[in-house]
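Trainee:
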Amino acid sequence: MSDANTQVLSAILRRNLQAFVFQAFDREEVKDGLRPTQAIRLICETLQEVTEGDVRRQIINLPPRTLKSFICSICFPAWLLGLDPSTKIIVISHDKNLVHTLAYRCRQIIESKWYQEAFPGTALQPDFAGTLHFKTTAGGGVLATSVGSGLTGHGGDWIILDDPIDASDAYSGVERKNVNTLFDGKITSRLDNRSEGKILIVMQRLHAEDLCGHLQGRTTYRHLVVPLVAEADTVYRAGKFEWRRPAGDIIDPQSYTAEEVEVLRRESPAHVFQAQYQQAPILLDSGIVKADWFGRYDNVPLNAHKVIFSCDFGQTTGETSSYSCVLVIRTDGVNHYLAHVLRKRAAFAELQNDLLRLAGQYTPNSVLIENAALGTAMISALREHRLTICSIPRPTKSKIERLEAVLHLLNGGNVLLPNAGNWLSDFFEEMCSFPTSPHDDQVDALSQYLSWVEDPDRRRHSPVVLGVTTPQNGGVCSARKQVPHPMRNPKGPPRMPPLPQRR
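In terms of UniProt numbering, the sequence shown opens at residue 1 and continues consecutively.
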């Protein structure tokens, strides 16, 4: 490149953070060149706006694989030191290995030839050029540390927090509180000038009460929230940049194809997808039911030998339909042990086959199916198989009213869950966030079962033994009428046969 072109490029890099990011990526990454996306430009324009304007507290929430750490925690500190080598920057993350990588790559950029050509006034002190803490000859520099590590004696003009809590700790109230408390006291106090210093928090959401949730009500913090898939038509503005994003738009269709997004939706627990990918976490214990109401077990007691299936079928079937589910419950008449949950979006025939497979595995005493919509069709389709079906009438009360009617069984600890199960996370998320949860199929199925248990006259939900045909009922035979044993009077003491007369 000629000297003239080098000077032009250097001038652009000093004025434009996005150009700087692309240059750093092309020179530092052992990959193909960086593709320009609207999300990348939005991040860069937002950071440049914070640098040049009056915004002093900025939060950026984006899903994984959007280069937010590369832009905000590697390139941005290097760019700031290029603009003003006396700037002091503190970079903090949950993991010391991660901050080591962030700081190392930032220092590599500063020491590169192209950077020195663009910012000749920025040079590192040769005797203070460690990986986690390096200084410029002008007194600025970068201190990289983990949350909770020593910051005493260190201050900065900028504090950048990159994923301050690990995903595995996000569901621990103790860990969340620890991070939030450290931020309010120890971390924010490290600004040399609280009125002029700036704080940048960049992270994927992990929990409704993570650091971003903790700061959500504070008007001094500006939030930029970019979900993987736009929930509604959205307009983002930063500086002179504007991004009009229609509902359903994927943030980067080349990094996340429509097929990948669908797989993520299906395979990720709902609360994980909503938090990490949609940046809209659900507070699990925000609903009617509380997580600590459920007892836990390792093995179902031997006396819980009765098996009940409670089914909730979606209004339609297929991969884009609402969920259908089958709860497999073992009971001793008092306690109810949830043994398995089948929950999926599937075609009708697949749901039927799954139900029959479960029946072969668990041999249910009764199968509860609401006699409406797909439930009616399922009852009809199961005629060739010997299953005791309890046809549940269409409910007249709301979902909330039905759950509240059996809440005493949940609150009393009569519903128990296994200590392990790949369905537990989804079950907890839905139960403990209802009625604000995006789905309620498992809630409906559990309410249906507990209502049936509480019903003093269950036989009004006529059980039908499928597989026995009669001309009178069109192929479905009602269970035979229950007649008291001749030796037993249900309303009085047992009757004994008369003693034989002596002759």
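Heads up, the beta-carbon is just placed ideally off N, CA and C, and yes, glycines get one too.
Between Trp-158 and Pro-85, is the Cβ-Cβ spacing less than 9 Å?
Mentor: Here the question's residue 158 lines up with position 158 in the sequence shown. Here the question's residue 85 lines up with position 85 in the sequence shown. No.
Trainee: Since Asn-178 and Trp-293 should fall inside the 8 Å C-beta cutoff, what is the C-beta to C-beta distance between them, to a whole number of angstroms?
Mentor: As a working note, residue 178 is residue 178 in the sequence shown. As a working note, residue 293 is residue 293 in the sequence shown. The C-beta distance from Asn-178 to Trp-293 rounds to 26 Å, too long to fall under 8 Å, and the pair is not in contact.
Trainee: State the beta-bridge partners of Ser-324 as determined by DSSP.
Mentor: Walking along the sequence shown from the start, residue 324 turns up at place 324. Partner(s): Lys-344.
Trainee: Note the first and the last residue of the continuous alpha helix (DSSP H) segment covering Ser-10.
Mentor: The residue given as residue 10 occupies position 10 in the sequence shown. Here the alpha helix (DSSP H) through Ser-10 covers 3-15.
Trainee: Nearest by alpha-carbon distance to Ile-288: which of Thr-331, Asp-440, Gly-421 and Arg-357 is it?
Mentor: As a working mapping, residue 288 is identified with position 288 in the sequence shown. The candidate whose alpha carbon is nearest that of Ile-288 is Asp-440.
Trainee: Compare the Cα-Cα distances from Pro-364 to each of Asp-332, Thr-388 and His-271 and report the closest residue.
Mentor: Position 364 of the sequence shown, counted from the start, is the residue given in the question as residue 364. The shortest C-alpha separation from Pro-364 is found at Thr-388.
Trainee: Between Asp-162 and Val-202, how many whole angstroms is the CB-CB distance? I'm expecting something under 8 Å.
Mentor: By 1-based counting over the sequence shown, the position of residue 162 is 162. By 1-based counting over the sequence shown, the position of residue 202 is 202. So it is a contact: roughly 5 Å between Cβ atoms.
Trainee: Considering Glu-242, what are the terminal residues of the beta strand (DSSP E) in which it resides?
Mentor: Looking up residue 242 in the sequence shown gives position 242. It spans 241-245 - the beta strand (DSSP E) in which Glu-242 sits, taken as one unbroken run.
Trainee: Select from Arg-386, Gly-217, His-385 and Asp-455 the residue whose C-alpha is nearest the C-alpha of Arg-402.
Mentor: What you label residue 402 is simply residue 402 of the sequence shown in a count that begins at 1. Ranking the options by Cα distance to Arg-402, first place goes to Asp-455.
Trainee: Could you give the uninterrupted runs of the beta strand (DSSP E) lying entirely in the segment 163-225, keeping only those of 3 residues or more?
Mentor: If we require 3 residues or more, the beta strand (DSSP E) runs fully inside the segment 163-225 come out as 198-203 and 222-225.
Trainee: Excluding the five sequence neighbours on either side, which residues of its own chain have a C-beta within less than 6 Å of the C-beta of Thr-188, listed in chain order?
Mentor: Working through the sequence shown from its first residue, we reach residue 188 at position 188. Contacts found: none.
Trainee: What's the C-alpha gap between Gly-185 and Gly-148?
Mentor: Stepping through the sequence shown from its first residue, residue 185 is reached at position 185. Stepping through the sequence shown from its first residue, residue 148 is reached at position 148. Going from the Cα of Gly-185 to the Cα of Gly-148 covers about 11 Å.
Trainee: Check whether the segment 131-141 touches the segment 101-109, taking contact to mean three or more Cβ pairs, one atom from each stretch, closer than 8 Å.
Mentor: yes
Trainee: So, with DSSP's three-state summary, where would you put Trp-293?
Mentor: By 1-based counting over the sequence shown, the position of residue 293 is 293. Three-state result, Trp-293: helix.
Trainee: Does any CB atom of chain B fall closer than 9 Å to the CB of Arg-41?
Mentor: Absent here is chain B; the protein component of the structure consists of one chain.
Trainee: Just verifying my parser: in three-state terms, what is the DSSP assignment at Gln-315?
Mentor: As a first step, residue 315 is located in the sequence shown; it is residue number 315 there, counting from the start. Note: Gln-315 maps to coil in three-state DSSP.
Trainee: Give the single residue among Met-431, Ser-310, Ser-10 and Phe-128 whose Cα lies nearest to the Cα of Phe-119.
Mentor: Residue numbering aside, residue 119 sits at position 119 when the sequence shown is read from its first letter. The residue with the shortest Cα to Cα distance from Phe-119 is Ser-10.
Trainee: By the DSSP assignment, the beta strand (DSSP E) with Val-367 in it spans what residues?
Mentor: Start at 1 with the first residue of the sequence shown, and residue 367 comes out as number 367. Following the DSSP letters along the chain, one finds Val-367 inside the beta strand (DSSP E) bounded by residues 366-370.
Trainee: What's the call for Ala-4, buried or exposed, on a 16-neighbour Cβ count within 10 Å?
Mentor: Here residue 4 refers to the residue found at position 4 when the sequence shown is read from its first residue. Burial call: exposed.
Trainee: Taking just the CA atoms, how far does Gln-315 sit from residue 504?
Mentor: Any property of residue 504 remains undetermined from this structure, which presents the chain solely from 1 to 503.
Trainee: Measuring straight from C-alpha to C-alpha, what distance separates Ile-160 and Cys-72?
Mentor: Numbered from 1 along the sequence shown, position 160 holds the residue referred to as residue 160. Numbered from 1 along the sequence shown, position 72 holds the residue referred to as residue 72. Using only the alpha carbons, I get a separation of about 8 Å.
Trainee: Can you tell me which of the three DSSP states Tyr-337 falls into?
Mentor: For this step, residue 337 is matched to residue 337 along the sequence shown. Three-state DSSP puts Tyr-337 in a strand.
Trainee: Quick one: give me the first and last residue of the alpha helix (DSSP H) that Ser-391 is part of.
Mentor: Residue mapping note: residue 391 aligns to position 391 of the sequence shown, counting from 1. Ser-391 -> not in any alpha helix (DSSP H); beta strand (DSSP E) instead, spanning 388-392.
Trainee: By the 10 Å Cβ neighbour count, where 16 or more other Cβ atoms means buried, how is Lys-397 classified, buried or exposed?
Mentor: Along the sequence shown, read from residue 1 onward, the residue named residue 397 stands at position 397. Lys-397 is exposed by the Cβ-count criterion.
Trainee: Give the range of the alpha helix (DSSP H) segment to which Gly-141 is assigned.
Mentor: Against the sequence shown, residue 141 aligns to sequence position 141. Unbroken run through Gly-141 is the beta strand (DSSP E), 141-146; no alpha helix (DSSP H).
Trainee: Could you have a look at Gln-254 and say whether DSSP puts it in helix, strand or coil?
Mentor: Within the sequence shown, numbered from 1, the residue matching residue 254 stands at position 254. In this structure, Gln-254 counts as coil in the three-state DSSP scheme.
Trainee: Under 8 Å: do the segment 243-256 and the segment 220-231 share three or more Cβ pairs, one atom per stretch?
Mentor: yes
Trainee: Count the other CB atoms within 10 Å of the CB of Lys-113; is the residue buried (16 or more) or exposed (fewer)?
Mentor: Locating residue 113 in the sequence shown gives position 113, counting from the first residue. It is exposed - the Cβ of Lys-113 has fewer than 16 other Cβ atoms within 10 Å.
Trainee: Leu-410 lies in the alpha helix (DSSP H); which residues open and close that run?
Mentor: Within the sequence shown, numbered from 1, the residue matching residue 410 stands at position 410. Here the alpha helix (DSSP H) through Leu-410 covers 407-411.
Trainee: When you compare only the Cα positions, how much space is there between Pro-395 and Glu-350?
Mentor: Translated into positions along the sequence shown, residue 395 becomes position 395. Translated into positions along the sequence shown, residue 350 becomes position 350. Cα-Cα distance, rounded: 26 Å.
Trainee: Indicate whether Gln-442 and Cys-325 have their beta-carbon atoms separated by less than 9 Å.
Mentor: Counting from one through the sequence shown, the residue named residue 442 turns up at place 442. Counting from one through the sequence shown, the residue named residue 325 turns up at place 325. Yes, Cβ-Cβ distance for Gln-442 and Cys-325 is below 9 Å.
Trainee: Lys-198: buried (16+ other C-beta within 10 angstroms of its C-beta) or exposed?
Mentor: As a first step, residue 198 is located in the sequence shown; it is residue number 198 there, counting from the start. So Lys-198 counts as buried.
Trainee: Using CA coordinates, which residue listed in Leu-409, Asp-444 and Leu-417 is at the minimum distance from Val-453?
Mentor: Position 453 of the sequence shown holds residue 453. Distance from the Cα of Val-453 is smallest, within the candidate group Leu-409, Asp-444 and Leu-417, for Leu-409.
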